[in-house]
Amino acid sequence: MLNIALPKGRLGEKVYSMFEEAGFDCPSIKENNRKLTFENSELGIRFFWVKPSDVAIYVERGAADIGVAGKDILLEYKPDVYELLDLKMGVCKMAVAAPANFRDNRSRALKVATKFANIAKEHYAGEGREIDIIHLNGSIELAPILGLSDVIVDIVETGRTLKENGLEVVEDVAPISARLIANKASTKFKSEIIDRITFALSKTVK
Ligand code: PRP
Numbered sequence: 016m017l018n019i020a021l022p023k024g025r026l027g028e029k030v031y032s033m034f035e036e037a038g039f040d041c042p043s044i045k046e047n048n049r050k051l052t053f054e055n056s057e058l059g060i061r062f063f064w065v066k067p068s069d070v071a072i073y074v075e076r077g078a079a080d081i082g083v084a085g086k087d088i089l090l091e092y093k094p095d096v097y098e099l100l101d102l103k104m105g106v107c108k109m110a111v112a113a114p115a116n117f118r119d120n121r122s123r124a125l126k127v128a129t130k131f132a133n134i135a136k137e138h139y140a141g142e143g144r145e146i147d148i149i150h151l152n153g154s155i156e157l158a159p160i161l162g163l164s165d166v167i168v169d170i171v172e173t174g175r176t177l178k179e180n181g182l183e184v185v186e187d188v189a190p191i192s193a194r195l196i197a198n199k200a201s202t203k204f205k206s207e208i209i210d211r212i213t214f215a216l217s218k219t220v221k
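Per this note's numbering, the sequence shown starts with residue 16, numbered consecutively.
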């Protein structure tokens, strides 16, 4: 059985549709219940839904052979997995944003609010800029509005959240989208089915 971890939620449903289109479906997944695992024994695959930020942990530890995770999570946690394919879904970017009138005062550390501390640290290390990380878990846009931080490092999709809160992108950090990832040992021991799935999915990437 090949175990496949999918991210719970709207992105996960779109990702499942790609698997379906690629011929790796599992009809019982559409039943309206609270089950978390779904098998297609003829194809030898089992899907399960996990919190999007947990997919990489399941795959790294081998509880899932393959899975779909956002590039944001891969950049932040650097799990020891292979990235097989860019699914070009959930496309957005990691960016630095600040109030429209922001001017950097280089005589002191820049206060950066973010959920992605490692990405932010790496970004500013590359610029040689000293920073003070303020780790938040959500509604990051509030931080500069209330004076908690100078800037934020966060995901920008449509840009609407920034605009409606008087913020704007100062710098792009990295392009983000959903990636097919694989456990390293699984790519050796289950290479045949993983290759077939990767190839079939690559044909459905729009
Ligand atoms: C994400 C991100 C931004 C917003 C960007 O938030 O942190 O707040 O989406 O989307 P937009 O550019 O289309 O407006 P999410 O909904 O994941 O919530 P949270 O970070 O506040 O938990």
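Using N, Cα and C, we set each Cβ at its ideal position, and we do this for glycine too. Computed from a predicted structure; not experimentally measured.
Closest by CA to Arg123, which one among Asn18, Tyr97 and Asp165? Asp165
Sequence-distant residues of the same chain with beta carbon closer than 8 Å to Ile146, five excluded per side: So the qualifying residues of the chain are Ala124, Leu125, Lys126, Val127, Ala135, Lys136 and Tyr139.
From Ile160, Arg211 and Ile19, pick the residue whose C-alpha is nearest to that of Glu179; which is it? Ile160
Determine the closest residue to Glu98 out of Leu89, Met104 and Val106, with distance taken between C-alpha atoms. Leu89
Option in Asn18, Gly27, Leu17 and Met16 with minimal Cα separation from Arg194: Here the closest residue by C-alpha is Gly27.
Going by the C-beta, is Gly8 closer than 7 Å to any heavy atom of the ligand PRP? With the chain represented from 16 up to 221, any question about residue 8 goes unanswered, as that position is not in the structure.
Is there contact here, the stretch 180-194 with the stretch 104-116, by at least three beta-carbon pairs under 8 Å? yes
Spatial distance of Lys130 from Ser154 (CA atoms): 10 Å
Do you know how far the Cα of Ala84 is from the Cα of Phe214? 18 Å
Pairs of beta-carbons, one from the stretch 18-27 and one from the stretch 54-72, closer than 8 Å: are there three or more? With a cut-off of 8 Å, the stretch 54-72 and the stretch 18-27 count as touching, because enough Cβ pairs lie within range.
Tell me whether the stretch 50-58 and the stretch 167-182 touch, counting them as touching only if at least three CB pairs, one residue from each stretch, are closer than 8 Å. no
Opposing strand residues paired with Pro22 [DSSP bridges]: Per the DSSP secondary-structure output, Pro22 pairs in a beta bridge with Val65.
Residues bridged to Val166 (per DSSP): Val127
Report the residue from Arg121, Ala112 and Ala197 whose alpha carbon sits nearest the alpha carbon of Arg175. Ala112
Less than 7 Å between the CB of Asp169 and some heavy atom of the ligand PRP, yes or no? Result yes, Cβ under 7 Å from the ligand PRP.
Please name the residue, chosen from Val171, Val74 and Val168, that lies closest to Lys199 on a Cα-to-Cα basis. Val74
Are the CB atoms of Ser206 and Gly77 nearer to each other than 8 Å? No, Cβ-Cβ distance for Ser206 and Gly77 is not below 8 Å.
For a minimum of 4 consecutive residues, which ranges assigned as the alpha helix (DSSP H) are wholly contained in the stretch 29-100? Within the stretch 29-100, the complete alpha helix (DSSP H) segments at least 4 residues long are 70-76 and 86-92, listed from N- to C-terminus.
Only counting the same chain, and skipping five residues up and downstream in sequence, which positions put a Cβ closer than 8 Å to that of Leu177? Counting only Cβ-Cβ distances below 8 Å, and skipping sequence neighbours, we find Ala112, Glu156, Val171, Glu183 and Val184.
For Lys218, which residues from the same chain have a beta carbon less than 8 Å from its beta carbon, with the 5 sequence-adjacent residues on both sides left out? Ala37
Would you report the Cα separation of Glu33 and Ile81, rounded to the nearest angstrom? The sequence given here places Met at residue 33; Glu does not occur at that position. Between Met33 and Ile81, the C-alpha separation is close to 14 Å.
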